[in-house]
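Once you know that position 56 of the sequence shown is 390 in my numbering, the rest is easy, because the numbers rise by one and skip nothing.
Worksheet: the structure to be examined is printed underneath.
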Amino acid sequence: MPLEQAEKSALRDMVSTANKSNVDAVTEKVSSVLATLSSDDKDHARVQGWLEDLATVKAGGVPGKF
Numbered sequence: 335m336p337l338e339q340a341e342k343s344a345l346r347d348m349v350s351t352a353n354k355s356n357v358d359a360v361t362e363k364v365s366s367v368l369a370t371l372s373s374d375d376k377d378h379a380r381v382q383g384w385l386e387d388l389a390t391v392k393a394g395g396v397p398g399k400f
């Protein structure tokens, strides 16, 4: 079942403002949401991408920058 628009917006905001001090908590929240989505859900790939972005933040990088 796809994510509700309000939940998706809240998660996206959390991911976009994540920093090294809160990245673990945000990653935990996003991971718990990902666990509720089936792999063929349209939001599954999006949420998976957010986890990749959070891993970049945790490593001290900036998502989208090479």
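For every residue, glycine included, the Cβ atom is placed at its ideal position computed from N, Cα and C.
Secondary structure at T390: helix, using DSSP grouped into helix, strand and coil.
By the neighbour-count definition (other C-beta atoms within 10 Å, threshold 16), T370 is an exposed residue.
Contact check for L385 and A352: beta-carbon distance about 11 Å, past the 8 Å limit, so the pair fails to qualify.
Assigned with DSSP and collapsed to three states, D358 falls in helix.
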